[in-house]
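Colleague: Handing you this structure, nothing more for now.
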């Protein structure tokens, strides 16, 4: 095989405040020869997820990305060379890869690579039928324990996970209110996404709007943002409410693993016999096949839509992650750098 | 019936910071003639509970105590006159009464009065076999979901609820660590109460001690104090941990319904797929009889001890509630003002 040139974005600095383009460094280097047990993938598309800021900053549920190594991302690639049993040239694979043209890997399992069925759409595998959709599914159903008639409120509602969470709650018979930034996102929520109400946190008094739209209180609050909005929701929970902690994107930019604006209203969990529960999607790995089948069915029936915010070109990876953390994205943030062959 | 003189402590001011004696005002007044539907009780003993500061401050799960009205307390009294069906002179009753010699009531139910079996020990009814013991029982078993082998940590461990919670967790086969203030309390925990370990928060580095005593992390944390200790525990939870929010006495003195020092480490609930859940004991009212029977059995077997901190005399009520909020009490704080006749 001719020597391949690899373009790569390395992690140059741990983020301070908002992620900056200078946190990454562009390099070009030849791909090293493959060793036994390894596979070489040409990367096709990258997912952008709030949890990546944690990976850039520190050890969390997985070790921090080492400085000088490629930025880690959920991604889909196609094998161009394999010295590992069970993987062949042409196979589509998904896993935690790097912002680079080619990734060499020998890791399987939760944080390694998994094979995808032939013909899988890489963008679908990185959105509704991947971590994003699964996170919404288990957060809403397993952690949130939604039931028909519940008032379900979701923040980051126009984001990848939030929008799917709300649409799943609709499938389950909830009254669904979304909180998002800007009129266009809110119009999309109450229009195409079928939400019962939307609150524009950039232009509305969120507390007053929640009180008006949730007169009987909030039964399930699916939190993607943390901070003040989490507190406004906690102030309005009903008896026995479930607060699903999916993320806290408003907090990631400011703090190193602790909340800069922690939930002062957590006492309300006592007064209302309510719970606040976190989760990581891979805790539910054994139930993925059933969940993917159900999500695919709802998608084919038009009940759950898969809105993508698609950027193009490896050179734009840093700009694309910044879109996510400034709330510029509208739908699941993806970056495509190639097509399967 | 001859006119009875009633000595009363009225709520004079909403507490600012720590409760002060001047928040109460002593008065004496004749007891008003009884109306149809009312009962008149001579009060025998009062319970002192962290939740009383909430009642003094604002509307919570029940309306705030009106200024100028008697201070509200869980109490046991004996009926001296009844104009209400189902209640007779001599009956022992329990309920939310007032800091006064005589209380007139016409309310039944959760926040009213309930009859006690003849011969009931008023002090037992206000401690292990009353709200205190029931709170420990449902917090540990129903909310905490303790199971054999769990590492169980409780703060306010020498207090009324905390000590019983820890002893119940021992009955259920947990490894139990208590956090309390002072060597004497810690010695009592690891001695008479049978805890596996104790941490003196006044003289030890609580975080370091928790790390040492809980090498596999904390499976159930029963929180009575809130604040920094809650954060130190959250930093050390295991996967799937349950944080039981029973109270937050460190926070009640400073804030009006919001936490002055909220839990910054709540992100750990996400990383560990863990939950933080609050409760009020009366949510479990239907299960009281079974719980009381089990607590009484464990008490008779010597497995769960009932440590009381007994003060005497109505005139000492304000001093006694201050004992609770300064941590001076050791065991369940009670005040006795009379005996059944």
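Residue numbers (the working numbering), protein chains in the order written: chain A, 114 to 454; chain B, 114 to 454.
All C-beta atoms in this analysis are idealised placements derived from N, C-alpha and C, irrespective of residue type, glycine included.
(1) Mapping DSSP to helix, strand and coil, what is residue 414/A?
(2) Since residue 262/B and residue 286/B are thought to touch, with beta carbons under 8 Å apart, how far apart are those beta carbons, to the nearest angstrom?
(3) According to DSSP, residue 301/B sits in a beta bridge with which residue or residues?
(4) Please report how far the alpha carbon of residue 425/A lies from the alpha carbon of residue 447/A, in whole angstroms.
(5) Between the region 150 to 159 of chain A and the region 203 to 217 of chain A, are three or more C-beta pairs nearer than 8 Å?
(6) What does the Cβ neighbour count give for residue 199/B, buried or exposed, with the cut at 16 atoms within 10 Å?
(7) Around the C-beta of residue 264/A, are 16 or more other C-beta atoms found within 10 angstroms, so that it is buried, or is it exposed?
(8) DSSP on residue 283/B, reduced to helix/strand/coil?
(9) Which residues share a DSSP beta bridge with residue 119/B?
(10) At 3 residues or longer, and completely inside the region 217 to 254 of chain B: list those beta strand (DSSP E) runs for me, N to C.
(11) Could you work out which residue in 430/A, 164/A, 400/A and 438/A is closest to residue 543/A when comparing CA atoms only?
(12) Whole angstroms are fine: how far does the CA of residue 158/A sit from the CA of residue 418/A?
(13) In the DSSP assignment, find the unbroken beta strand (DSSP E) run with residue 169/A in it and report its ends.
(14) Rounded to the nearest angstrom, what separates residue 397/A and residue 129/B at their Cα positions?
(15) So, using beta-carbon positions, are residue 259/B and residue 333/B closer together than 8 Å?
(16) Any idea if residue 230/A is buried or exposed, counting beta-carbon neighbours within 10 angstroms, 16 or more meaning buried?
(17) Straight-line CA distance for residue 233/A to residue 208/A?
(18) Select from 146/A, 170/A, 254/A and 344/A the residue whose C-alpha is nearest the C-alpha of residue 136/A.
(19) What are the complete beta strand (DSSP E) segments, minimum 3 residues, inside the region 176 to 209 of chain A?
(20) Comparing alpha-carbon positions, which option in 379/A, 428/A and 275/A lies nearest residue 184/A?
(21) If we cut at 8 Å on Cβ distances, does residue 391/A have a partner in chain B?
(22) If residue 340/B and residue 313/B are in contact, beta carbons under 8 Å, what's the gap, nearest whole angstrom?
(23) Which residues of chain A have a Cβ atom closer than 8 Å to the Cβ of residue 384/B, listed in chain order?
(24) Leaving out the 5 sequence neighbours to the left and right, which residues in its chain are closer than 8 Å to residue 145/A when beta-carbon positions are compared?
(25) Using a Cβ-Cβ distance under 8 Å, would residue 215/B count as near chain A?
(26) Answer yes or no: does any C-beta atom of chain A fall closer than 8 Å to that of residue 388/B?
(27) Counting C-beta neighbours from all protein chains within 10 Å, is the total for residue 191/B 16 or more, i.e. buried, or is it exposed?
(28) Quick test of the definition: if touching needs 3 or more C-beta pairs under 8 Å, does the region 342 to 357 of chain B touch the region 372 to 379 of chain B?
(29) What residues from chain B crowd round residue 453/A, counting only those whose CB sits closer than 7 Å?
(30) Since I believe residue 356/B is in contact with residue 252/B (beta carbons under 8 Å), could you give me their beta-carbon distance rounded to a whole number of angstroms?
(31) Using the Cα positions of residue 350/B and residue 182/B, report the straight-line distance between them to the nearest angstrom.
(32) Going by DSSP, name the residue or residues bridged to residue 335/A.
(33) With 8 Å set as the bound, which would you pick, yes or no: does the beta-carbon of residue 376/A sit closer than that to a beta-carbon of chain B?
(34) Looking at C-alpha atoms only, which residue of 393/B, 387/B, 383/B and 384/B is the closest neighbour of residue 386/A?
(35) Confirm, please, whether the CB-CB distance from residue 205/B to residue 402/B is below 8 Å.
(36) With C-beta atoms as the reference, is residue 289/A less than 8 Å away from residue 309/A?
Modeller: Based on what the coordinates show:
(1) Shown here, residue 414/A sits in coil according to DSSP, grouped into three states, outside any helix or strand.
(2) 6 Å
(3) DSSP output for residue 301/B lists no bridge partner at all.
(4) 8 Å
(5) yes
(6) Here residue 199/B is exposed. Its C-beta has fewer than 16 other C-beta atoms within 10 Å.
(7) buried
(8) helix
(9) 142/B
(10) The qualifying runs are 226 to 228.
(11) Summary: the structure shown does not reach residue 543/A, with chain A confined to residues 114 through 454, and so no result is reported for it.
(12) Between residue 418/A and residue 158/A, the alpha-carbon positions lie close to 20 Å from each other.
(13) Careful: residue 169/A lies outside any beta strand (DSSP E), inside the alpha helix (DSSP H) at 164 to 170.
(14) Their backbone Cα atoms lie some 47 Å apart in a straight line.
(15) yes
(16) Label assigned to residue 230/A: exposed.
(17) 14 Å
(18) 170/A
(19) Runs of the beta strand (DSSP E) inside the region 176 to 209 of chain A: 185 to 195.
(20) 428/A
(21) yes
(22) Contact flag wrong, Cβ pair sits at about 17 Å.
(23) Chain A residues near residue 384/B: 173, 174, 391 and 393.
(24) Once the five neighbours on either side are set aside, the close Cβ partners of residue 145/A are 217.
(25) no
(26) With 8 Å as the cut-off, residue 388/B counts as an interface residue toward chain A.
(27) buried
(28) yes
(29) Chain B residues near residue 453/A: none, gap ~34 Å exceeds 7 Å.
(30) About 11 Å separates the two Cβ atoms, so there is no contact after all.
(31) Rounded to whole angstroms, the gap between the alpha carbons of residue 350/B and residue 182/B is 44 Å.
(32) 267/A and 357/A
(33) yes
(34) 393/B
(35) At a Cβ-Cβ threshold of 8 Å, residue 402/B and residue 205/B do not count as neighbours.
(36) yes
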